[in-house]
DNA sequence: TTAATGAATGAACGTTTGTTCATTTCCTGT
DNA sequence: ACAGGAAATGAACAAACGTTCATTCATTAA
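Protein chains in written order, with the numbering used here: chain F, -9 to 189; chain P, -9 to 189.
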């Protein structure tokens, strides 16, 4: 009984690594099977199709992203605090799950049909949360921004860029990177940022 | 004699559109041929391989990017002015060539062999220019940033994000978007930004 | 021990892929 | 008008693709 979950998880892990490495379209079902030492046909006992594996990975990732970046906002009311918490949670999740983030960003195009609509809707909800924080801060006078919707996307793009080069980086620690990006994100909305170590 | 260049350009245009739409791996040579009303075999009179088309597109794009974002810096010496000029040039190029930018960003993985190395080197040089501007501003005291190398990538990621959603946007004019991003980029390095219209 | 159930096999399927090539068509310089 | 060379054709190739399937294997419940 534990066997099923084990193999299914092996498939997930192998697919995640390969999709992130070469891209969904460049990975064959046979590659995933070979990576876990199995035959291709057997994977269909666990996933209905190659597409289903991709959807599964994206879904799991979005759930974890919400837990990291959105859940902590419940305790905060000040827009600047909320933005900082969101950014920190988002970055933490990005750094902890680089492959998932990379896939979520690069393989949106590879989604088809029903799975596509569902993932898109979940993504929109995530972005809407950030947009709400920015709108509050703008109304509040705390943020100096032209448009909350554009700014939300600008920030997410900036933070999303971490994963593009994080693998390749050398000396910077996750904490350094986080500080750097938190500063950039908060300053980008006109907030004067002081590092936690100097408060 | 004009015929060769004409067909070659048709191939470029069709490939650009299709690569941006579906991704390099999801586009067949036959699709490109069909898009210009030709047979697949004929394309090999103009490009040695499918890969060569991709390399050609990326190369052309990088040359235009340099002309737009780097060339104007020659006239400027103040770091803040140079950064603003770079960002404006970069954005202008992004908005004018959304498909090329999208391809350059998404299809780096699809590059192979010699073409890959060459494109990577050209990209690095482009990024190094921005890095230099940031370093100067930091040394100058004009910029409040933690690390020029990280900051350069953060800004490029942020600006690169424009093309991800630019197609989908409605009401904002290119000028609005540019203002928005110039402000975000300059503020992200700690510069107080005032719009040209209010100077 | 036996029966039953789900996992794994590995060959096979029909497509689609990038590329090649002998052939034909078209244009151009003389 | 004609020769020469590039451009275009369209069939063909081998390889790789996602998926299916009859079969075997392993595990567990009775």
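Note that the Cβ used here is the ideal one computed from N, Cα and C, for glycine as well.
Asked: Option nearest residue 21 (chain P) by Cα separation, candidates P:1, P:137, P:99, P:181; Found: P:1
Asked: N- and C-terminal bounds of the alpha helix (DSSP H) containing residue 101 (chain P); Found: Careful: residue 101 (chain P) lies outside any alpha helix (DSSP H) and carries neither H nor E.
Asked: Span separating the alpha-carbon of residue 122 (chain P) from that of residue 54 (chain F); Found: 37 Å
Asked: Simplified DSSP state of residue 95 (chain P), which is helix, strand or coil; Found: helix
Asked: Nonlocal neighbours in the same chain, by C-beta distance under 7 Å from residue -3 (chain P), ignoring five residues either side; Found: 36
Asked: For residue 171 (chain F), the first and last residue of its enclosing alpha helix (DSSP H); Found: 164 to 178
Asked: Start and end residues, alpha helix (DSSP H) containing residue 69 (chain F); Found: 69 to 86
Asked: Cβ-based burial, residue 178 (chain F) [other Cβ within 10 Å; buried from 16]; Found: buried
Asked: Residues that residue 137 (chain F) contacts on chain P, provided the C-beta gap is smaller than 8 Å; Found: 162, 166, 170
Asked: Proximity of residue 63 (chain P) and residue 6 (chain P) at Cβ, strictly below 7 Å; Found: no
Asked: Backbone secondary structure at residue 185 (chain F) - three-state DSSP; Found: coil
Asked: Extent of the continuous alpha helix (DSSP H) to which residue 49 (chain F) belongs; Found: 40 to 55
Asked: From F:10, F:162, F:148, F:124, residue whose alpha carbon lies closest to that of residue 94 (chain F); Found: F:10
Asked: Endpoints, the alpha helix (DSSP H) within which residue 29 (chain P) is located; Found: Run containing residue 29 (chain P): none; DSSP gives neither H nor E here.
Asked: Chain-ordered residues of the segment 80 to 97 of chain P with a beta carbon less than 7 Å from chain F; Found: 96
Asked: Burial state of residue 96 (chain P), where buried means 16 or more other Cβ atoms lie within 10 Å; Found: buried
Asked: Alpha helix (DSSP H) segment containing residue 142 (chain F), residue limits; Found: 138 to 150
Asked: Stretch-stretch touch, CB-based, cutoff 8 Å, three pairs: the segment 113 to 122 of chain F with the segment 141 to 155 of chain F; Found: yes
Asked: Three-state class that DSSP yields for residue 134 (chain F) in the structure shown; Found: coil
Asked: Whether residue 174 (chain P) touches residue 77 (chain P) by CB criterion (7 Å); Found: no
Asked: Backbone secondary structure at residue 13 (chain F) - three-state DSSP; Found: coil
Asked: Span separating the alpha-carbon of residue 104 (chain P) from that of residue 44 (chain P); Found: 13 Å
Asked: Minimum Cβ-Cβ distance from residue 147 (chain F) to chain P less than 7 Å; Found: yes
Asked: C-alpha distance - residue 73 (chain P) paired with residue 125 (chain P), whole-angstrom precision; Found: 11 Å
Asked: 7 Å Cβ cut-off: residues of chain P touching residue 99 (chain F); Found: 12, 13
Asked: Members of the segment -1 to 33 of chain F near chain P, C-beta cut-off 7 Å; Found: 12, 13, 15, 16
Asked: Amino acids of chain F, ordered along the chain, whose beta-carbon sits closer than 7 Å to that of residue 154 (chain P); Found: 147
Asked: CB contact flag (residue 127 (chain F), residue 69 (chain F), <7 Å); Found: yes
Asked: CB-CB length for residue 32 (chain F) against residue 59 (chain F), believed under 8 Å; Found: About 36 Å; that fails the 8 Å criterion.
Asked: Minimum C-alpha distance to residue 23 (chain P) - residue among P:8, P:15, P:13; Found: P:8
Asked: Contact with chain F by residue 106 (chain P), beta-carbon distance below 7 Å; Found: no
Asked: Own chain partners of residue 109 (chain P) with C-beta closer than 8 Å, once the 5 adjacent residues on each side are dropped; Found: 45, 48, 49, 52, 98, 101
Asked: Beta carbon of residue 57 (chain P) nearer than 7 Å to that of residue 66 (chain P); Found: no
Asked: Residue -5 (chain F) in three-state terms, based on DSSP; Found: helix
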